[in-house]
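The sequence shown runs 1 to 481 under our numbering. The structure appears below as structure tokens.
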Amino acid sequence: EYMGFVILFFLLYLLILFYLLGTTADGFFCPQVEELADRLGLTPRVAGVTLLSLGNGAPDIFSGIAAIQAGQIDLVLGQVSGGGMFIVSVVVGGVLFTAGGIRTRFPVLRDMMMYLIIVAVILILIDQNALKLVTGVCLLTYYFIFVVVAYWSDKTLLRRMDSVKNTLSVEMIEPDNTTEVLNKEYRLSRVAHNFGTLLDHLSNQKDEITQQKTLKSYIATRCKQCLSWIEAPFTALRELTIINCAKDDWSVENESRIKATAAVLFTPVLIATWQGFLFEYVGPCPLAIILIACAIPFAAIFAATCPTDEPPHYSLFMILLGFFSAAIWVNLFANELVDLLSTIGRILSISEVVMGATVLAWGNCIGDLTSDILLAKNKREGTAITACFAGPMFNLLIGLGSGTIIKTISGPIQTRVETNVMISFSFLIGTVFLMLVIAFGVGKCSAKSGNRLPKVVAFILWFVYASYFFTMIIYEIVSKS
Numbered sequence: 001e002y003m004g005f006v007i008l009f010f011l012l013y014l015l016i017l018f019y020l021l022g023t024t025a026d027g028f029f030c031p032q033v034e035e036l037a038d039r040l041g042l043t044p045r046v047a048g049v050t051l052l053s054l055g056n057g058a059p060d061i062f063s064g065i066a067a068i069q070a071g072q073i074d075l076v077l078g079q080v081s082g083g084g085m086f087i088v089s090v091v092v093g094g095v096l097f098t099a100g101g102i103r104t105r106f107p108v109l110r111d112m113m114m115y116l117i118i119v120a121v122i123l124i125l126i127d128q129n130a131l132k133l134v135t136g137v138c139l140l141t142y143y144f145i146f147v148v149v150a151y152w153s154d155k156t157l158l159r160r161m162d163s164v165k166n167t168l169s170v171e172m173i174e175p176d177n178t179t180e181v182l183n184k185e186y187r188l189s190r191v192a193h194n195f196g197t198l199l200d201h202l203s204n205q206k207d208e209i210t211q212q213k214t215l216k217s218y219i220a221t222r223c224k225q226c227l228s229w230i231e232a233p234f235t236a237l238r239e240l241t242i243i244n245c246a247k248d249d250w251s252v253e254n255e256s257r258i259k260a261t262a263a264v265l266f267t268p269v270l271i272a273t274w275q276g277f278l279f280e281y282v283g284p285c286p287l288a289i290i291l292i293a294c295a296i297p298f299a300a301i302f303a304a305t306c307p308t309d310e311p312p313h314y315s316l317f318m319i320l321l322g323f324f325s326a327a328i329w330v331n332l333f334a335n336e337l338v339d340l341l342s343t344i345g346r347i348l349s350i351s352e353v354v355m356g357a358t359v360l361a362w363g364n365c366i367g368d369l370t371s372d373i374l375l376a377k378n379k380r381e382g383t384a385i386t387a388c389f390a391g392p393m394f395n396l397l398i399g400l401g402s403g404t405i406i407k408t409i410s411g412p413i414q415t416r417v418e419t420n421v422m423i424s425f426s427f428l429i430g431t432v433f434l435m436l437v438i439a440f441g442v443g444k445c446s447a448k449s450g451n452r453l454p455k456v457v458a459f460i461l462w463f464v465y466a467s468y469f470f471t472m473i474i475y476e477i478v479s480k481s
């Protein structure tokens with residue numbers, strides 16, 4: 001009798017979880033990643049395809065790992081294939097349409113081919129029930145090879161361009177696309193991975209002349225205010241448990257030192273919550289009280305040795321601790337998100353593959369759509385199109401590889417390939433292959449087209465995604481009947 005209200009409540013809760021997951025990754029996890037990359041002295045290329053990619057893809061990666069640990073491998077496969085389909089069709093199509101076409105350079109073709117290869121390999125592995133410890137290691141190794149190949153090829157391209165830089169235009173000299181992608185997309189904020197930022201984008205349209213857009217702006221602003229009220233207690237808890245020792249964010253007053261000291265004090269409580277033994281007792285005393293009491297001396301030492309105008313000289317250790325705490329928060333929200341999606345799927349009799357390929361994939365890809373289109377509007381379509389392949393490559397290899405290793409340590413992973421999984425991966429492989437064929441075809445006709453993918457390709461990609469979506473839905477309906 002009340003099932004409709006239950007579903008509505010779950011859907012609202014789902015939106016809130018997407019919002020909290022995105023703001024945690026953007027406001028707390030990503031700054032720690034960027035600061036850690038700076039402190040370790042990583043080059044822009046290495047930082048871009050490693051730590052900054054981790055910050056950018058944190059929600060996807062942690063939700064995938066959480067689903068694998070929960071034994072919901074179909075949800076993960078649906079997420080990686082459905083998310084990949086959304087990005088290489090809807091997002092790439094949006095970039096093409098916004099920019100009026102893109103140039104098909106070697107870095108773009110390279111990323112397309114490597115992404116196509118790994119998707120095909122993963123489909124074979126799950127079909128052979130071969131997700132084992134060695135498989136996870138191989139996936140991580142493949143990503144390492146991808147990083148090396150990208151670095152070497154871009155360095156070679158840089159040398160060639162430098163040798164003829166007086167004859168090339170400034171626009172053609174863009175060898176470091178992948179790094180610029182991850183840095184630029186990262187700075188445009190991973191918070192776009194949630195629906196709150198999409199509403200915020202609508203609320204900035206107040207200067208539009210039509211009454212309809214004014215109403216949209218008003219509704220979006222009110223919704224964003226409600227989300228900010230819901231987020232307020234979580235913001236306080238995150239600031240109390242995540243140490244921020246970034247130089248740029250350090251306040252000259254005592255505020256930063258006080259927050260950092262509180263984080264040292266309460267981080268053990270966060271770790272206990274993550275491991276699920278916060279409310280246990282040691283004799284008559286609650287464990288939380290004992291943890292805080294043990295942390296008091298360390299907090300006192302930190303407060304006494306920390307200057308007010310800059311982070312302490314041992315701040316690298318504190319950044320690592322903050323990185324770990326932020327990762328715990330992302331993992332907590334990701335676990336809750338996966339459990340909620342599983343519950344909704346069971347209530348509505350929707351398979352985990354479809355839930356992962358639609359709801360979870362859409363929620364995690366909203367940011368890619370928003371940020372990449374903004375890049376295309378700013379005449380950075382090369383950067384945006386590279387992001388459409390470098391990002392999913394990282395999420396697929398690191399997320400699935402890490403989750404497989406963690407899960408197989410405790411026991412084997414049993415994968416039974418459903419037909420809808422095969423459909424989803426087949427569409428993804430076919431779409432990337434279609435783009436490669438079109439891109440190479442454009443290269444053959446470069447004298448006429450200027451080596452650019454034309455705008456009309458966007459409509460082809462959107463049609464492919466519509467076909468994919470309706471095929472998945474029709475199969476789900478038929479299989480349940």
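Quick reminder that beta carbons are idealized off the backbone N, C-alpha and C, glycines included. Remember, predicted model here, so these are calculated numbers, not experimental data.
Output the boundary residues of the alpha helix (DSSP H) element that contains Ala25.
-> Counted from its first residue, the sequence shown places residue 25 at position 25. Taken as a continuous stretch (DSSP letters only), Ala25 belongs to no alpha helix (DSSP H), as it is neither H nor E.
Neighbourhood of Ser402 by C-beta distance below 8 angstroms, restricted to the same chain and skipping five residues each side | Translated into the one-based positions of the sequence shown, residue 402 becomes position 402. So the list reads Ile61, Ile65, Gly136 and Leu140, once near-sequence residues are dropped.
In terms of residue numbering, what span does the alpha helix (DSSP H) encompassing Cys294 cover?
-> Residue 294 sits at position 294 when you count from the first residue of the sequence shown. Taken as a continuous stretch (DSSP letters only), the alpha helix (DSSP H) holding Cys294 covers Leu287 to Thr305.
May I ask you to verify whether the stretch 228–238 touches the stretch 289–296, counting CB pairs closer than 8 angstroms and requiring at least 3?
-> no
Report yes or no: do the stretch 403–414 and the stretch 330–349 share at least 3 C-beta pairs separated by less than 8 angstroms?
-> no
Pair within 9 angstroms by beta-carbon distance, Ile385 and Val147 | Numbered from 1 along the sequence shown, position 385 holds the residue referred to as residue 385. Numbered from 1 along the sequence shown, position 147 holds the residue referred to as residue 147. Cβ atoms of Ile385 and Val147: not closer than 9 angstroms.
Hey, is the stretch 451–467 in contact with the stretch 430–440, meaning 3+ C-beta pairs nearer than 8 angstroms?
-> yes
Residues bridged to Leu453 [DSSP beta-bridge criterion] | The residue you call residue 453 lines up with position 453 of the sequence shown. DSSP, once it has assigned bridges, lists Ile102 as partnering Leu453.
Under a three-way DSSP split, which group does Tyr475 fall into?
-> One-based indexing of the sequence shown puts residue 475 at position 475. Looking at Tyr475 - three-state DSSP - the assignment turns out to be helix.
Contacts around Leu278, its chain only, beta-carbon distance under 8 angstroms, and the 5 residues preceding and following it disregarded | Here residue 278 refers to the residue found at position 278 when the sequence shown is read from its first residue. Val269, Ala272, Leu287 and Ala288.
Rounded straight-line distance, which links the Cα of Leu316 to that of Thr197 = Indexing the sequence shown from 1 puts residue 197 at position 197. Indexing the sequence shown from 1 puts residue 316 at position 316. The predicted model places Thr197 with a pLDDT of 44, which falls under 50 and marks its position as unreliable; any figure quoted below should be read in that light. Cα-Cα distance, rounded: 31 angstroms.
Let me know the secondary structure DSSP gives Tyr143 once reduced to three states.
-> The residue given as residue 143 occupies position 143 in the sequence shown. Helix, per DSSP.
Take the Cβ of Gly94 as the centre, count every other Cβ of all protein chains shown within 10 Å, and call the residue buried at 16 or more, exposed below.
-> On the sequence shown, residue 94 is found 94 positions in, with the first residue counted as 1. Classification for Gly94: buried.
Out of curiosity, what's the CA-to-CA distance linking Ile87 and Val338?
-> The sequence position of residue 87 within the sequence shown is 87, counting from 1. The sequence position of residue 338 within the sequence shown is 338, counting from 1. The straight-line gap from Cα to Cα measures roughly 21 angstroms.
Can you round the beta-carbon distance between Ser351 and Asp74 to whole angstroms, since I take them to be within the 8 angstroms contact cut?
-> By one-based count along the sequence shown, residue 351 stands at place 351. By one-based count along the sequence shown, residue 74 stands at place 74. Ser351 to Asp74, Cβ: 7 angstroms. Contact.
Residue from Val90, Gly322, Arg103 and Tyr13 whose Cα sits closest to the Cα of Glu381 | The count along the sequence shown starts at 1 and reaches residue 381 at position 381. Minimum Cα distance to Glu381 is reached at Arg103.
Do Gln79 and Ala327 come within 9 angstroms of each other at the CB atom, strictly closer than that value?
-> On the sequence shown, residue 327 is found 327 positions in, with the first residue counted as 1. On the sequence shown, residue 79 is found 79 positions in, with the first residue counted as 1. Cβ atoms of Ala327 and Gln79: not closer than 9 angstroms.
Which partner residues does Val90 have in the DSSP bridge list?
-> On the sequence shown, position 90 is the one that residue 90 refers to. Per DSSP, none; premise fails for Val90.
Do you know offhand how far Gly391's Cα is from Ser81's?
-> Here the question's residue 391 lines up with position 391 in the sequence shown. Here the question's residue 81 lines up with position 81 in the sequence shown. Approximately 13 angstroms, taken between the alpha carbons.
Taking Thr23 as the reference, which of Ile219, Ile373, Lys224 and Gln72 has the closest Cα?
-> Numbered from its first residue, the sequence shown carries residue 23 at position 23. The shortest C-alpha separation from Thr23 is found at Lys224.
According to DSSP, which residues form a beta bridge with Tyr281?
-> In the sequence shown, residue 281 corresponds to position 281, counting from 1. Looking at the DSSP assignment, Tyr281 forms a beta bridge with Pro286.
Who are the near neighbours of Leu491 in its chain, counting only those whose CB is closer than 8 angstroms to its CB and skipping five residues on each side?
-> No information on residue 491 is available, as it lies outside the stretch 1 to 481 that the chain covers here.
With a threshold of 16 other CB atoms inside 10 Å of the CB of Ile473, please say whether the residue is buried or exposed.
-> Mapped onto the sequence shown, residue 473 falls at position 473. Exposed, because fewer than 16 other Cβ atoms sit within 10 Å of the Cβ of Ile473.
Can you tell me which of the three DSSP states Leu40 falls into?
-> The residue you call residue 40 lines up with position 40 of the sequence shown. Coil, per DSSP.
Are the beta-carbon atoms belonging to Met85 and Thr431 less than 9 angstroms from one another?
-> Your numbering for residue 85 matches position 85 in the sequence shown. Your numbering for residue 431 matches position 431 in the sequence shown. In this structure, Thr431 lies closer than 9 angstroms to Met85 by Cβ.
Leaving out five residues on either side along the sequence, give the residues of the same chain with a beta carbon under 8 angstroms from the beta carbon of Glu487.
-> Coverage of the chain is limited to positions 1 through 481, which leaves residue 487 absent and any answer about it impossible.
Under three-state DSSP, which class holds Gln79?
-> Counted from its first residue, the sequence shown places residue 79 at position 79. Note: Gln79 maps to helix in three-state DSSP.
To the nearest angstrom, report how far apart Arg257 and Leu320 are at their CA atoms.
-> For the purposes of this step, residue 257 is taken as residue 257 along the sequence shown, with counting starting at 1. For the purposes of this step, residue 320 is taken as residue 320 along the sequence shown, with counting starting at 1. Taking the straight line from one Cα to the other gives about 17 angstroms.
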